[in-house]
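Participant:
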Amino acid sequence: MDNTFRTKSGSVQGCRASAEVVAVLGVPYAAPPFGAVRFREPLPARAWSGVRDCTAFGPVAPQSAQLPGAPAWSPGDEDILTVNLWTPAPEGGRLPVLVWIHGGAYTFGSSAQPDFDGTALARAGLVVVTFNYRIGFEGFGHVPAVDATHYPDNRGLLDQVAALRWVQENIAAFGGDPGNVTVAGQSSGAASVACLMVMDRARGLFHRAIAHSAASPCHTLETAAATTREIAASAGCPATAEGLTSATPQSLVLASDRVVDAYRHDPASGSRHYDPSLYAPVLDGDVLPTDPLTGMAAGAARDVDLLVCHTTEEYWLLDAVGSSAKVTTEEQLARFVEDFNLPDGLVAGYRGAMPHAPVLDVYLAVFGDLLFGEYSNRLAELHAEAGGRAFLSRFDRRRTGPDGVVRAWHCADIPFAFGNLDTDCLAFLIGGAPTPADHGLARRMVRAWVDFATTGDPGWPSVGGPAPRAKVWSTDDEPADDEAVGVRALWAEADFPVLCP
C-alpha cells in the first residue's frame, strides 16, 4: 500500500502504523483560527504544493492540561485544526468510516491521546478519523457582538462540522466510504455527538452515531455571558469583543483555571462547586437550536442509528484524580441535593441499593448517574421513542488489583473499544497490565463498534421499551452488577437536561 494520498488541498504522506495500516497524521481540515479570524467560524484550509509530511500529530488546542502520553499545548501553536487517519484500504476502497471526537469537559484533551490510536479499529475493517477542535474559551466562550460583527457561539461544534465536511470531501482518497460515516465520542465528545445529531448544519454529514458517557449540561446564553464576565475579570480585560480578542489564548486559559479554582474552594458557590466545568454547548438558537434531549424527543435525528454506552461507576474517576469536591458528611450531601434540585427520595433510594456504602460513595454514584449514566440512558430511549433505532450498553468491567478493586469508571471503556490496552500510560485507567480476559473483552467491543459502523447492528437487540436491559460489557469471569438498573426508577422525577445556573 502506498503511503501517499491526494486531498483537495494537496498531497500528504503518512507512515506505517502496522503491516496492514497506514497512519496519516496532522492534516489541516481548516485554517488556523487565530489572528483576524479568531472567534469566527472555521475557514477552509489553505492549499499547499508538493507532498506534505503527515507523520506526526498536529499542535493541540489551547489548554493547560498535560495528559499522559499526549503532547502539551505551546503558546504560539496556531495550526490546530487537523485530522488524523488510519486506513487499511488502498485508494478506491469503500470501507465504513468512524470519526472520533475527543472528550475533556470542553476544556482539555486532543486527538493525539494514546487511547485514541486507530490502528486496531482500522485493522478490523474501518477507516478511522480523529481530529482537534477549539476547546475552552476559544471554542465555547461567549463573545459579544460588536457593530455588525457577530462572533458565533459553539465554535468548537462548528469546527466539528468542518471536520465532518472534510471527511465527506476527502475520505474516498483514503479508502473510506463517504456514504457510510459514523461519528463517535466520549464524555464531552459524546455530548458533542448528541448536539450534532440535532444541528441542521451537520445534517447528512454522518449516518450513525456512538456516544459513550455523554455529559449532560448545556448552557443558556445568559449562563455563557455570565461565564465570559468571570473570565474577563480574571484575565484583567473588558468583557467585550475588543477586550477578549486582545487577550492572548494563554491568558484566557489561565483565567479559566483561576475561576475553576475559586469555585472548587467555595462550597457556597452552587452546582459549579462540585465539578466546575465552565464550558459547554450554548443554546444559542442558531448553531445549536435546542438541547439534544428535546431534539431527540422531537425526532430531529430519527434517521441516524445511535449506539449509547456508559460506565457503571462513572464519577469515581473524577474523585480519584481530584477534580471533584469531596462530599463526606450528611450535611454536605444534603447541600449537594439542594444545589442540583434533585428529587425527593433519590438519595434514600441509592442508600437502599448500596446500604453499607459511605456518604462519599453514595454521592459519587448519584453524581455519576446525574451527569453521565441517566443522561445517556435517556438519549437512547428518547431517540427510540421518536422513531429512531438505538442500542444501549453499559461498561461494568472490574477487577481486583494491588490497590484494591479497579472500578468501571469514566474513560475506562475507551481503551477497550479502541483495542488499545497495552500502552503503559493507560495502566491507571484499566488498573495495571491487561489480562487475557481483558483482551477478550477488547476484541468483543472492537467488533461491536465495527459491526455497528458497517451495518448499524452492534450485535444485540435495539431499545424497544421504556426501560430496556442494556448490553453489559464485562470480562467473562466477573458477573455483571445490576444495581445500576435498579435505581433507574429513582430518576423519573428528575428534570433533564441539566442546565447549569
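Following the working numbering, the numbering of the sequence shown begins with 24 at its first residue and continues without gaps. Note that the Cβ used here is the ideal one computed from N, Cα and C, for glycine as well. Computed from a predicted model, the values in this text were never measured in an experiment.
Identify which residue in Gly-442, Ala-471 and Trp-472 has its Cα closest to the Cα of Pro-459.
Facilitator: Stepping through the sequence shown from its first residue, residue 459 is reached at position 436. With distances taken between Cα atoms, Pro-459 lies closest to Gly-442.
Participant: Would you please state the rounded distance, in angstroms, between the beta carbons of Pro-67 and Pro-56? I believe it to be under 8 Å.
Facilitator: The residue you call residue 67 lines up with position 44 of the sequence shown. The residue you call residue 56 lines up with position 33 of the sequence shown. Contact flag wrong, Cβ pair sits at about 12 Å.
Participant: So the candidates are Gly-33, Val-45, Ala-40 and Asp-342; which of them puts its Cα closest to the Cα of Asn-26?
Facilitator: Locating residue 26 in the sequence shown gives position 3, where the first residue counts as 1. Looking at the Cα atoms, Val-45 is the closest of the given residues.
Participant: Quick one: what's got a C-beta closer than 8 Å to Arg-75's C-beta in the same chain, skipping five residues either side?
Facilitator: Looking up residue 75 in the sequence shown gives position 52. Excluding sequence neighbours, Arg-75 sits near Gly-33, Ser-34, Val-35, Gln-36 and Val-50.
Participant: Is the stretch 160 to 177 in contact with the stretch 136 to 146, if contact means three or more CB pairs nearer than 8 Å?
Facilitator: Result no; under three Cβ-Cβ pairs closer than 8 Å.
Participant: Leaving out five residues on either side along the sequence, give the residues of the same chain with a beta carbon under 7 Å from the beta carbon of Cys-218.
Facilitator: Position 195 of the sequence shown, counted from the start, is the residue given in the question as residue 218. Within the same chain, Cys-218 has close Cβ partners Leu-180, Pro-304, Leu-311 and Pro-315.
Participant: Name the one or two DSSP bridge partners that Pro-51 has.
Facilitator: Your numbering for residue 51 matches position 28 in the sequence shown. DSSP output for Pro-51 lists Thr-105 as bridge partner(s).
Participant: Under a three-way DSSP split, which group does Cys-241 fall into?
Facilitator: Along the sequence shown, one-based indexing puts residue 241 at 218. Strand, per DSSP.
Participant: Residues in the same chain with beta-carbon distance under 7 Å from Leu-340, minus the five sequence neighbours each way, listed in chain order, please.
Facilitator: Along the sequence shown, one-based indexing puts residue 340 at 317. Excluding positions up to five away in sequence, the list reads Trp-432, His-433 and Cys-434.
Participant: So what does Ile-233 bridge to, in DSSP terms?
Facilitator: Indexing the sequence shown from 1 puts residue 233 at position 210. Per DSSP, Ala-207 and Leu-330.
Participant: Given a cut-off of 8 Å, decide if Ile-437 and Leu-444 are closer than it, judged by their beta-carbon atoms.
Facilitator: Residue mapping note: residue 444 aligns to position 421 of the sequence shown, counting from 1. Residue mapping note: residue 437 aligns to position 414 of the sequence shown, counting from 1. No, these two residues do not count as a Cβ contact at 8 Å.
Participant: Could you spell out the range, first to last residue, of the alpha helix (DSSP H) harbouring Val-310?
Facilitator: The residue given as residue 310 occupies position 287 in the sequence shown. Val-310 -> no alpha helix (DSSP H), and no H or E assigned at all.
Participant: Buried or exposed, going by whether 16 or more other CB atoms sit within 10 Å of the CB of Asn-364?
Facilitator: For the purposes of this step, residue 364 is identified with residue 341 of the sequence shown, where counting begins at 1. Exposed, because fewer than 16 other Cβ atoms sit within 10 Å of the Cβ of Asn-364.
Participant: Does the distance from the C-beta atom of Asn-107 to that of Leu-149 stay below 8 Å?
Facilitator: The residue given as residue 107 occupies position 84 in the sequence shown. The residue given as residue 149 occupies position 126 in the sequence shown. Not closer than 8 Å, so no.
Participant: Ignore the nearest five residues each way along the sequence and tell me which others in Trp-496's own chain have a CB closer than 8 Å to its CB.
Facilitator: Taking the sequence shown and counting its residues from 1, the one referred to as residue 496 is at position 473. Excluding residues within five positions, the ones whose Cβ falls inside 8 Å are Cys-332, Ser-416, Arg-417, Phe-418, Asp-419, Arg-420, Asp-436, Phe-439, Leu-464, Arg-467 and Met-468.
Participant: Would Pro-85 pass as a contact of Gly-159 if the rule is Cβ separation under 8 Å?
Facilitator: Taking the sequence shown and counting its residues from 1, one reaches residue 85 at position 62. Taking the sequence shown and counting its residues from 1, one reaches residue 159 at position 136. It is a contact, given that the beta carbons lie within the stated cut-off.
Participant: Identify, in the order they occur along the chain, each residue of the same chain with its Cβ nearer than 8 Å to the Cβ of Leu-187, setting aside the five sequence neighbours on each side.
Facilitator: Numbered from its first residue, the sequence shown carries residue 187 at position 164. Val-122, Val-204, Val-206, Leu-219, Ala-225, Leu-228 and Phe-229, listed in sequence order.
Participant: May I have the straight-line CA-CA distance separating Ile-254 from Ala-147, to the nearest angstrom?
Facilitator: On the sequence shown, position 231 is the one that residue 254 refers to. On the sequence shown, position 124 is the one that residue 147 refers to. Roughly 45 Å between the two C-alpha positions.
Participant: Cβ atoms of Ala-234 and Val-221: under 8 Å apart, would you say?
Facilitator: As a working mapping, residue 221 is identified with position 198 in the sequence shown. As a working mapping, residue 234 is identified with position 211 in the sequence shown. No, these two residues do not count as a Cβ contact at 8 Å.
Participant: DSSP three-state call for Ile-124: helix, strand or coil?
Facilitator: Numbered from 1 along the sequence shown, position 101 holds the residue referred to as residue 124. Correct three-state label for Ile-124: strand.
Participant: Would you mind giving the Cβ-Cβ distance between Ser-347 and Phe-414, rounded to the nearest angstrom? I have them listed as a contact below 8 Å.
Facilitator: Against the sequence shown, residue 347 aligns to sequence position 324. Against the sequence shown, residue 414 aligns to sequence position 391. Not really, about 30 Å apart at Cβ, beyond 8 Å.
Participant: CA-CA distance, His-379 and Tyr-386?
Facilitator: The count along the sequence shown starts at 1 and reaches residue 379 at position 356. The count along the sequence shown starts at 1 and reaches residue 386 at position 363. Straight-line Cα distance between these residues: approximately 13 Å.
Participant: State the Cα-Cα distance for the pair Thr-351 and Gly-368, rounded to the nearest angstrom.
Facilitator: Against the sequence shown, residue 351 aligns to sequence position 328. Against the sequence shown, residue 368 aligns to sequence position 345. Their backbone Cα atoms lie some 19 Å apart in a straight line.
Participant: Please list, in chain order, all residues of the same chain as Leu-144 whose beta carbon is under 8 Å from its beta carbon, the five residues on each side excluded.
Facilitator: Stepping through the sequence shown from its first residue, residue 144 is reached at position 121. The residues are Trp-109, Leu-121, Val-151, Phe-441, Gly-442, Val-469, Trp-472 and Val-473.
Participant: Kindly give me the distance between the Cβ atoms of Val-510 and Ala-376, rounded to whole angstroms, as I take these residues to be in contact under 8 Å.
Facilitator: What you label residue 510 is simply residue 487 of the sequence shown in a count that begins at 1. What you label residue 376 is simply residue 353 of the sequence shown in a count that begins at 1. Correct: roughly 5 Å between the Cβ atoms.
Participant: Given Gly-212, which residues of its chain have a CB within under 7 Å of its CB, disregarding the five upstream and five downstream residues?
Facilitator: Taking the sequence shown and counting its residues from 1, one reaches residue 212 at position 189. Cβ within range, chain order: Ile-124, His-125 and Gly-126.
Participant: Taking DSSP as the reference, what is the three-state secondary structure of Ala-380?
Facilitator: As a working note, residue 380 is residue 357 in the sequence shown. It is coil, neither helix nor strand.
Participant: Throw me the rounded Cβ distance for the Glu-192 and Lys-31 pair, which I believe falls under 8 Å.
Facilitator: As a working mapping, residue 192 is identified with position 169 in the sequence shown. As a working mapping, residue 31 is identified with position 8 in the sequence shown. That belief holds up - the Cβ atoms of Glu-192 and Lys-31 are roughly 6 Å apart, short of 8 Å.
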